[in-house]
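Before any comments, here is the structure.
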Amino acid sequence: MVPVVDPSSFCSLTKCITKHLNLTFRVDFESHVIKGKVALTIEVLEDKLSSLTLDTKDLKIFHVRANGQEATFALGTQHRFKGTPLVITLPFALSRGQHVIVEVAYETSPKASALQWLRPQQTAGKKQPYLFSQCQATHCRTMVPCQDTPSVKHTYYAQVSVPRELVALMSAVRDGQDPDPEDSNRTVYRFRQTVPMPSYLIALVVGALENREIGPRSRVWSEKELVDQAAYEFAETEAMLKAAEQLAGPYVWGQYDVLVLPPSFPYGGMENPCLTFATPTLLAGDRSLSNVIAHEISHSWTGNLVTNKTWEHFWLNEGHTVYLERMIGRSLEPEGEQFRQFKAIGGWKELQESVKTFGEKNVLTNLVPDLQEVDTDEAFSSVPYEKGFALLYHLEELLGGPEVFMGFVKSYIQLFAYGSVTTEEWKSYLFTYFKDKVDMLNKVDWTGWMNTPGMPPVTTQYDTTLADACIALCKRWVQAKEAGLAGFTEADIKPLSSHQRIEFLALLLQEKPLPLSHVKRMEEVYSLNSVKNAEIRFRWLRVCVRAKWEESVPLALGMATEQGRMKFTRPLFRRVISADKVPDLAVSTFLQHRGGMHPVTSTLVAKDLQVQQDQTTGF
Ligand code: BES
Ligand code: ZN
């Protein structure tokens, strides 16, 4: 087998691999720094090993020891997004099969891209500061010097010292807490992760957190202001876990908790083991956005147990996870299969949007893109999710339907559990599993699906039962003449579920912009400006901005800044700038808010708006 090279990491994966991390953190809210110590248990893969390289980014390194002996080290040249290699020279040579414990003492930078430090004012309680991490894809190296590649899996143990008013949680099982022996104003929290996992799943949160039990293996955590709302919103968690176990096999991580973060959390959800991180924009009040939890639960199998070997194979994580997420919906929703088909229609639209945004010839729209010298954050889009899902659904149809194809997915999970895989390995197992249907598999346009930009080579026809009402209402608005606007009433959308309202607005966004008179009438009869559901609001505000309704510009920029989920914030800034008569407003709003934004969000919005990266203030 050709050894895999991870273009996002400096580590040589044929020399040695990490088996375990022992982490000690001291979280300092005054200086926005974590003082850290990590002991890496490393297995040697080749003879005469006398040096090794770890990934770091913006870290200060104090000392390195190998099996207790002082080791020399040097930081190499800094790379634009990969960071800086830490080259360690061992005081002895090792041979294949041996283990070595490498200890690094270090400090993070206040601008570490994995971390957001919030002032009390930025939290719901307004009294205590807050810290959270987001390591996927390549940010762990700003928090821990390590082999920051999903091709390496290890367990971890951690001890975290925080001010005693605060609670620390990690992506692991809680292992108790004690007063910090070194500082009576602090508490040390301990954690253990006994399932081997990649570095991007290391996660930490520190804040004034409370919890509620929502199931036999689940709690929700958040500031007290949101905890009851969160417990209501995510009450289906245990049912989803059970459905997922039915589909994919036993849940091996022990606990499954959900943490609701402050609004600046840049993603909808993040599958940190034992503790999914979630945006507060999921709190719709009616559980209508709980598919994000089904999605993160699904990652417990596809992503966390079976992991993409490099970020070029990210679709293996996300495509299979979307597939499982929709299978969970299929088994829990009353309209089962029709609901899955309806969600697939929505997903296809997301894919069309991404292809349009990137350009249909852009190689980043390949299912398996080449990420040599590409920052994974900049490559991120719906493509791995929805082109990935579309491929799996296409194969499902070809090979005998959902039950048959789920059999393959379950078997793939069993075979590759605790490992990391490439697309080639996935495909080769597909051909093995369906050895009686190889003729059919050979007819698939693999190059078209995997290595060609733009929309997939096959367009799937999904069942439109649940989409028909949305399609009809969209058509009425598109075809309406000004004189006919009186014919629209509140009753038009009354029968539509939240999901269908989202789809209705998504359909409008694929049409030519509506005349201003139409959107004004739409607001009059549907009162969409007062809708809190973030998915509905996001699409509605874009409908308004496209219609050049000036009053909607501050509302759109309001949503872009009041929460920081990149899926909403980036397009809201981008669309306002392309539609507004005074594009400066988007830029000045961004410059005003960037100080309080998440480091990754602020970097990407700056790039979207073509604002200089080193421009630090709006004044
Ligand atoms: N793992 C992703 C989030 C992620 C991807 C973070 C890449 C950093 C880099 C998570 O599972 C995810 O896909 N979240 C989606 C959920 C949606 C598809 C249901 C989101 O954030 O919207
Ligand atoms: Zn995901």
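First residue of the sequence shown: 12, per the numbering used here; consecutive thereafter. Where a beta carbon is used, it is the ideal one built from N, C-alpha and C, also for glycine.
Helix, strand or coil at residue i according to DSSP, with G and I counted as helix
{"i": "W128", "result": "strand"}
{"i": "V238", "result": "helix"}
{"i": "T100", "result": "strand"}
{"i": "D447", "result": "helix"}
{"i": "F40", "result": "coil"}
{"i": "C146", "result": "coil"}
{"i": "M208", "result": "strand"}
{"i": "W232", "result": "strand"}
{"i": "Q472", "result": "coil"}
{"i": "V415", "result": "helix"}
{"i": "N302", "result": "helix"}
{"i": "Q603", "result": "helix"}
{"i": "L65", "result": "strand"}
{"i": "E371", "result": "coil"}
{"i": "P190", "result": "strand"}
{"i": "T25", "result": "coil"}
{"i": "F73", "result": "strand"}
{"i": "H165", "result": "strand"}
{"i": "G87", "result": "coil"}
{"i": "S275", "result": "coil"}
{"i": "N453", "result": "helix"}
{"i": "T614", "result": "helix"}
{"i": "T95", "result": "strand"}
{"i": "R576", "result": "coil"}
{"i": "A116", "result": "strand"}
{"i": "Q692", "result": "Absent from the model: residue 692. The displayed extent of the chain is 12 to 630, so no value can be given."}
{"i": "V333", "result": "helix"}
{"i": "Y243", "result": "helix"}
Residue from the options whose Cα sits closest to the Cα of residue i
{"i": "V542", "options": "M570, A289, T500", "result": "M570"}
{"i": "L525", "options": "Q490, K505, L410, D503", "result": "Q490"}
{"i": "L343", "options": "A295, F288, A255", "result": "A255"}
{"i": "N328", "options": "H74, L293, L60, L378", "result": "L378"}
{"i": "H604", "options": "M577, E573, R585", "result": "E573"}
{"i": "I28", "options": "L70, S311, D474, S62", "result": "S62"}
{"i": "L270", "options": "L34, L426, R230", "result": "R230"}
{"i": "E234", "options": "L258, T290, K398", "result": "T290"}
{"i": "F92", "options": "F21, N78, C157", "result": "F21"}
{"i": "Y32", "options": "Y167, Q349, N453, Q623", "result": "Here residue 32 turns out to be Leu, not Tyr, going by the sequence shown. The shortest Cα separation from L32 among Y167, Q349, N453, Q623 belongs to Y167."}
{"i": "A183", "options": "S311, K320, W326", "result": "S311"}
{"i": "S301", "options": "G260, Y243, W322", "result": "Y243"}
{"i": "Y211", "options": "A241, P161, D503, L180", "result": "P161"}
{"i": "A567", "options": "M577, R576, R548, H306", "result": "R548"}
{"i": "Q425", "options": "R586, T600, L316", "result": "L316"}
{"i": "H609", "options": "V111, A82, A123", "result": "A123"}
{"i": "W560", "options": "Y537, K531, E323", "result": "K531"}
{"i": "L527", "options": "E562, E501, F515, Q521", "result": "E562"}
{"i": "A169", "options": "D69, V55, T25, R37", "result": "R37"}
{"i": "R557", "options": "F584, F288, K618", "result": "F584"}
{"i": "S120", "options": "H110, G108, V155, T471", "result": "V155"}
For residue i: DSSP bridge partner residues
{"i": "W437", "result": "Partner(s): none; W437 has no beta bridge."}
{"i": "H110", "result": "E54"}
{"i": "F288", "result": "L270, M281"}
{"i": "G218", "result": "V178"}
{"i": "G226", "result": "S229"}
{"i": "I45", "result": "V38"}
{"i": "C157", "result": "D66"}
{"i": "V171", "result": "F36, Y200"}
{"i": "T248", "result": "Bridge partners of T248: none, in fact."}
{"i": "E346", "result": "Its beta-bridge partners do not exist; DSSP assigns none."}
Beta-carbon proximity of residue i to residue j, cut-off 7 Å
{"i": "A517", "j": "K372", "result": "no"}
{"i": "V44", "j": "L142", "result": "no"}
{"i": "S422", "j": "Y396", "result": "no"}
{"i": "L258", "j": "M417", "result": "yes"}
{"i": "P277", "j": "G575", "result": "yes"}
{"i": "V199", "j": "D189", "result": "yes"}
{"i": "A597", "j": "V587", "result": "yes"}
{"i": "D191", "j": "R197", "result": "yes"}
{"i": "Q383", "j": "P18", "result": "yes"}
{"i": "I53", "j": "V113", "result": "yes"}
{"i": "W264", "j": "V206", "result": "yes"}
{"i": "T376", "j": "V385", "result": "no"}
{"i": "V469", "j": "H405", "result": "yes"}
{"i": "T318", "j": "S172", "result": "no"}
{"i": "Q621", "j": "Y473", "result": "no"}
{"i": "M298", "j": "Y267", "result": "Inspection of the sequence shows that residue 298 is occupied by Arg rather than by Met. Going by C-beta atoms, R298 is not nearer than 7 Å to Y267."}
Q: Measuring from each Cβ to the nearest heavy atom of ligand 4, keep the ones under 6 Å and list them in chain order.
A: The model depicted lacks ligand 4 and carries ligand 1 and ligand 2 instead.
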